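The block underneath contains the structure these notes are about, expressed in structure tokens.
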Amino acid sequence: MNHAELLQRRAVMVERHVMGRNIRAGRVLDAMREVPREEFVPKVLLEFAFDDLSLPITGGLVLQRPSAVGVMLAALGLKAQDSVLEIGTGVGYVTALLSRLCASVYSVEPQGPAALAAMSTFARLGCHNAHVRHDSGAEGWPEEAPFDAIVVHARARHVPQMLKNQLAEGGRLVMTLGDDPEVGELVRVTRLPGNQFRVEDMVDIGTELVLGEAPHVGAHAGAIWRMPAGAGKGRGTAAADTALAGQVAAAAEGFDSVDSADLEPLLQRMGDARVVLLGEATHGTSEFYRMRERITRELITRKGFSFVAIEGDWPDAVQIDRHVRRQSTSEEAWSGFARFPAWMWRNEEVRGFVDWLREHNRQAAQPVAFHGLDLYSLYSSIDAVLAYLDRVDPPTAQVARQRYGCLTPWQSDPASYGLAALTTRYRSCEQDVVKMLVDLQQKSPVYIGQDGERLLDALQNARVISQAERYYRTMYYGSRVAWNLRDNHMFSTLRHLLSFHGADSKAVVWAHNSHVGDSAATEMSLREEYNLGHLCRQALGSSACQVGFGTHGGTVAAATEWDAPMEVKTIRPALQGSYEHLFHACGVERFFLPLREQPGTKAMIDGLAVPRMERAIGVIYRPDTERQSHYFDAVLPRQFDEYIWFNETRAVTPLPTKVREGLADTYPFGV
């Protein structure tokens, strides 16, 4: 790649990933166009140099993603005459940018080899105003203080006073703070006259997704979705699709009905997977629920799976869990899932599985549990934590009431809390809810002897409150931030459950395809979104098995607007150029399709690996705008390990719903 091409690639990177985040600091944008990011990237990762990815470097270092760097530098508001302190030189990319933006840079790096390598790079690039010291960084660089700006790359619980003291009056310090290891907050500290400091919350920072091969992922590895070179060639042509449909028909394992389907080949391919994620292409299709039930029953009885985790709220699932473990009545079990979209879990199909699980547990040596992964239950979770503390620790219950009281004004509309906190009309409740979670965690050794399972419930509800508070607050940063926070919460909950149930525990997850499939294989990654399936594949590799579902037509239970009545809607026939249209054309009404390569299936897998449209129907279905509302581009063999097809489907049958007293605590975000 010649110099002109490199300049063009950097310009596109800045426009797409930095300006695309609404960063308009002209000098920062110019510096990022000028400084060659590719010079800081290992040769093996050069193809990703201009993507919005964090890249792993030898010695455990990470090259930060361009969007994060742009946000941080823009927050500093640098001037050409400024003197800047940087804590954490790393590979030196940010240092090189700072050297273009200000008069002098003093950078401290804890790793000796990294400091030496950075100095060599700066000499080659002509960054003569960048000075590097091998030091821990805890003391800053006091002999060169005061500084007009300080940037700290390490995350901490608070801003070190030593560094604040080294700011000049009017100087700015930027770093990420937070107790939660999964989500932090980028803050800017400004030194005011009279040795006063102003602290501003800038934006939430999620866990960095670092490019790299997860162990045992093999051919399914992939950090970001991209259209393969030449992918459009022949895509969707009648001849190509006819040939591919024939290959699908040959590889498909057909079955007549859910009850008669032979699951043995599917179960063999699942092997020793610790987590099996079973999807659905809609939130209201009977066949999807009933097939998930059949597969789950086999996984429990034949492979010893420990618990089922659903895309539902924790407090509601607790009611089902107590019922299936014979700790409550049927009426108590179905007291949850009573708010919109009630039909998603309050339906005859789920009740059939719950009844079976209760009977199974009656004779099981180790009862199988039922858990919820979602975070919408802000106020139900508050009630659950208070009830637990009232029983085991009344003084702490009073503290909890005071802290959670911060959220009380927003019970009728949690989303309005997020808007108020963002516009500073009302203080954020973040510190209060995080403190309560930390207190519960610290007192767990005292509580656990009283009732370990009730403690798990209380701790998880406290986590839900913490994450839900952040969720409603971050909705106004954009759907990407809120989506990532929600799926990260579901993954963290799953991880906590696997730990709680023991080293040999196994989980079945029921969630929508958009959460179960690997987001890196869809256009979601172009919006910087990731999901539960992607996080599971990164963490578990081949120990996670992801199963997608699809349909061509029939009926579905869905609403037209959020909080509107459920309707039985007719699903429009799949659009030409979609996976659904292709599978309809293969002529097999119902089938299992292995997407990991099997003998004789390479041509089919290669054909399916060309990106196509895929349909997703959530709790809302709008046939009139189906292309815009319900289709996205994906690469199916990278998204799922297995796929289950029903050409014609029908809507779930909802249970009668009795709305509980209280106020709504959900909001229409995500699927």
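Sequential numbering of the sequence shown, starting at 27, is according to our numbering.
Cβ coordinates follow ideal geometry from the N, Cα and C atoms, glycine included.
None of the values given here were measured: they were computed from a predicted structure.
- prompt: Quick one: what's got a C-beta closer than 6 Å to Gly114's C-beta in the same chain, skipping five residues either side?
  reply: By one-based count along the sequence shown, residue 114 stands at place 88. Excluding residues within five positions, the ones whose Cβ falls inside 6 Å are His179 and Ala180.
- prompt: Just reading off the alpha helix (DSSP H) that Trp702 is part of, what are its end residues?
  reply: Any answer about residue 702 is impossible in this case: the structure gives the chain only from 27 up to 697.
- request: Count the other C-beta atoms from every protein chain shown that fall within 10 angstroms of the C-beta of Cys369, then say buried if there are 16 or more, exposed otherwise.
  value: Looking up residue 369 in the sequence shown gives position 343. This sequence places Trp at residue 369; Cys is not what is there. Trp369 is buried by the Cβ-count criterion.
task: Take the Cβ of Met188 as the centre, count every other Cβ of all protein chains shown within 10 Å, and call the residue buried at 16 or more, exposed below.
output: One-based indexing of the sequence shown puts residue 188 at position 162. Met188 comes out exposed.
- prompt: Counting along the chain, where does the beta strand (DSSP E) carrying Glu375 start and finish?
  reply: By 1-based counting over the sequence shown, the position of residue 375 is 349. According to the DSSP assignment, Glu375 belongs to no beta strand (DSSP E) but to the alpha helix (DSSP H) extending over Glu374 to Gln389.
message: I'd like to confirm the pairing. Which residues does DSSP put opposite Met639 in its beta bridges?
response: As a position in the sequence shown, residue 639 is number 613, starting the count at 1. DSSP lists Ser604 and Asp659 as partners of Met639.
- prompt: Quick one: is Phe223 buried, meaning 16 or more other Cβ sit within 10 Å of its Cβ, or exposed?
  reply: Indexing the sequence shown from 1 puts residue 223 at position 197. Here Phe223 is exposed. Its C-beta has fewer than 16 other C-beta atoms within 10 Å.
message: Let me make sure I understand the geometry here. Which of Leu558, Leu89 and Phe281 has the alpha-carbon closest to that of Ser545?
response: Locating residue 545 in the sequence shown gives position 519, counting from the first residue. For the residues Leu558, Leu89 and Phe281, the minimum Cα distance to Ser545 belongs to Leu558.
message: Gln457 and Ala547 - do their beta-carbons sit closer together than 8 Å?
response: Taking the first residue of the sequence shown as 1, we reach residue 547 at position 521. Taking the first residue of the sequence shown as 1, we reach residue 457 at position 431. Against a cut-off of 8 Å, the Cβ pair of Gln457 and Ala547 comes out as no contact.
task: Could you work out which residue in Lys329, Val614, Pro62 and Val459 is closest to Leu151 when comparing CA atoms only?
output: The residue you call residue 151 lines up with position 125 of the sequence shown. In terms of CA proximity to Leu151, Pro62 leads the group Lys329, Val614, Pro62 and Val459.
- prompt: Which whole-angstrom value describes the C-beta separation of Glu668 and Pro620, a residue pair presumed to lie in contact below a C-beta threshold of 8 Å?
  reply: As a first step, residue 668 is located in the sequence shown; it is residue number 642 there, counting from the start. As a first step, residue 620 is located in the sequence shown; it is residue number 594 there, counting from the start. About 6 Å separates the two Cβ atoms, so the contact holds.
- request: Return the chain-ordered list of same chain residues with a C-beta closer than 8 Å to the C-beta of Tyr132, the five sequence neighbours on each side being excluded.
  value: On the sequence shown, residue 132 is found 106 positions in, with the first residue counted as 1. The residues are Ser109, Val110, Leu111, Glu112, His157, Arg159, Trp167, Glu170 and Phe173.
Collapsed DSSP secondary structure at Trp536 in the structure displayed: Position 510 of the sequence shown holds residue 536. Three-state DSSP puts Trp536 in a strand.
query: Taking buried to mean at least 16 other C-beta atoms within 10 Å of its own C-beta, is Ser283 buried or exposed?
result: Position 257 of the sequence shown, counted from the start, is the residue given in the question as residue 283. Counting the other Cβ atoms within 10 Å of the Cβ of Ser283 gives fewer than 16, which makes it exposed.
query: Applying the criterion that 16 or more other CB atoms from any shown protein chain within 10 Å of the CB defines a buried residue, is Ser162 buried or exposed?
result: Along the sequence shown, one-based indexing puts residue 162 at 136. By the neighbour-count criterion, in which a residue is buried when 16 or more other Cβ atoms sit within 10 angstroms of its Cβ, Ser162 is exposed.
- request: With DSSP collapsed to three states, give me the class of Pro620.
  value: Position 594 of the sequence shown, counted from the first residue, corresponds to residue 620. For Pro620, the secondary structure class from DSSP, reduced to helix, strand or coil, is strand.
Separation of Met228 from Gly103, as counted between CA atoms: As a position in the sequence shown, residue 103 is number 77, starting the count at 1. As a position in the sequence shown, residue 228 is number 202, starting the count at 1. CA-to-CA, the gap between Gly103 and Met228 works out to about 13 Å.
task: Grab the span of the alpha helix (DSSP H) containing Cys571 for me, first residue to last.
output: Start at 1 with the first residue of the sequence shown, and residue 571 comes out as number 545. Careful: Cys571 lies outside any alpha helix (DSSP H), inside the beta strand (DSSP E) at Ala570 to Ala584.
- request: List in chain order: all unbroken alpha helix (DSSP H) runs of 4+ residues lying wholly within the segment 344-374.
  value: DSSP runs (the alpha helix (DSSP H)) wholly in the segment 344-374: 356-359.
message: Just to confirm my understanding: we take Pro241, look at its own chain, exclude 5 residues before and 5 after, and list those with CB closer than 8 Å. What are they?
response: Taking the sequence shown and counting its residues from 1, the one referred to as residue 241 is at position 215. Note that Pro241 scores 27 on pLDDT, short of 50, meaning its location in the model is unreliable; the coordinates nonetheless yield the value given after this. Hits under 8 Å: Gly567.
- prompt: Mapping DSSP to helix, strand and coil, what is Tyr556?
  reply: Within the sequence shown, the letter at position 530 stands for residue 556. Correct three-state label for Tyr556: coil.
field: Spatially closest choice to Ala277 from Val213, Arg622, Val645 and Asp650, by CA coordinates
entry: As a working note, residue 277 is residue 251 in the sequence shown. Taking Ala277 as reference, the option from Val213, Arg622, Val645 and Asp650 with the minimal CA-CA separation is Arg622.
message: For a test of the three-state rule: what should DSSP assign to Arg36, helix, strand or coil?
response: Taking the first residue of the sequence shown as 1, we reach residue 36 at position 10. Looking at Arg36 - three-state DSSP - the assignment turns out to be helix.
field: For Asp465, the nearest candidate out of Glu479, Gln424, Asn191 and Tyr497 (CA to CA)
entry: For the purposes of this step, residue 465 is identified with residue 439 of the sequence shown, where counting begins at 1. Of the candidates Glu479, Gln424, Asn191 and Tyr497, the one whose C-alpha sits nearest the C-alpha of Asp465 is Gln424.
message: I need the straight-line Cα distance from His578 to Gly398, nearest angstrom please.
response: Residue mapping note: residue 578 aligns to position 552 of the sequence shown, counting from 1. Residue mapping note: residue 398 aligns to position 372 of the sequence shown, counting from 1. Between His578 and Gly398, the C-alpha separation is close to 29 Å.
query: Is Phe66 helix, strand or coil when you go by DSSP?
result: Position 40 of the sequence shown, counting from 1, holds the residue named residue 66. Correct three-state label for Phe66: helix.
query: Could you give the residue range of the alpha helix (DSSP H) that holds Lys190?
result: Translated into positions along the sequence shown, residue 190 becomes position 164. Lys190: member of the alpha helix (DSSP H) spanning Gln187 to Lys190, first to last residue.
- prompt: Does DSSP put Tyr132 in a helix, a strand or coil?
  reply: Against the sequence shown, residue 132 aligns to sequence position 106. Strand.
- prompt: Over what stretch of residues does the alpha helix (DSSP H) that includes Pro92 continue unbroken?
  reply: If you number the sequence shown from 1, residue 92 lands on position 66. Note, Pro92: alpha helix (DSSP H), Pro92 to Leu102.
query: From Met58 to Val117, what distance separates their C-alpha atoms?
result: As a first step, residue 58 must be located in the sequence shown, where it is residue number 32. As a first step, residue 117 must be located in the sequence shown, where it is residue number 91. Annotation: Met58 to Val117 spans about 15 Å, alpha carbon to alpha carbon.
- prompt: Apart from the five residues just before and just after Lys190, which ones in its own chain have a Cβ nearer than 8 Å to its Cβ?
  reply: The count along the sequence shown starts at 1 and reaches residue 190 at position 164. Correct list, in chain order: Leu199, Val215, Arg217 and Phe223.
For Tyr402, the nearest candidate out of Arg384, Val411 and Glu495 (CA to CA): For the purposes of this step, residue 402 is identified with residue 376 of the sequence shown, where counting begins at 1. Per the Cα distances, Glu495.
CA nearest to the CA of Val376, picked from Asn387, Thr322 and Tyr405: Position 350 of the sequence shown, counted from the first residue, corresponds to residue 376. Nearest of Asn387, Thr322 and Tyr405 to Val376, Cα basis: Thr322.
- prompt: Does the Cβ of Ser540 have 16 or more other Cβ atoms within 10 Å, making it buried, or fewer, making it exposed?
  reply: Within the sequence shown, numbered from 1, the residue matching residue 540 stands at position 514. A residue is called buried when at least 16 other Cβ atoms come within 10 angstroms of its Cβ; Ser540 meets this threshold and is buried.
task: Report the partner residues of Pro680 according to the DSSP bridge assignment.
output: Residue mapping note: residue 680 aligns to position 654 of the sequence shown, counting from 1. Bridge partners of Pro680: Asn373.
- prompt: Does DSSP put Ala75 in a helix, in a strand, or in coil?
  reply: Numbered from 1 along the sequence shown, position 49 holds the residue referred to as residue 75. The answer is coil: DSSP assigns Ala75 none of H, G, I, E or B.
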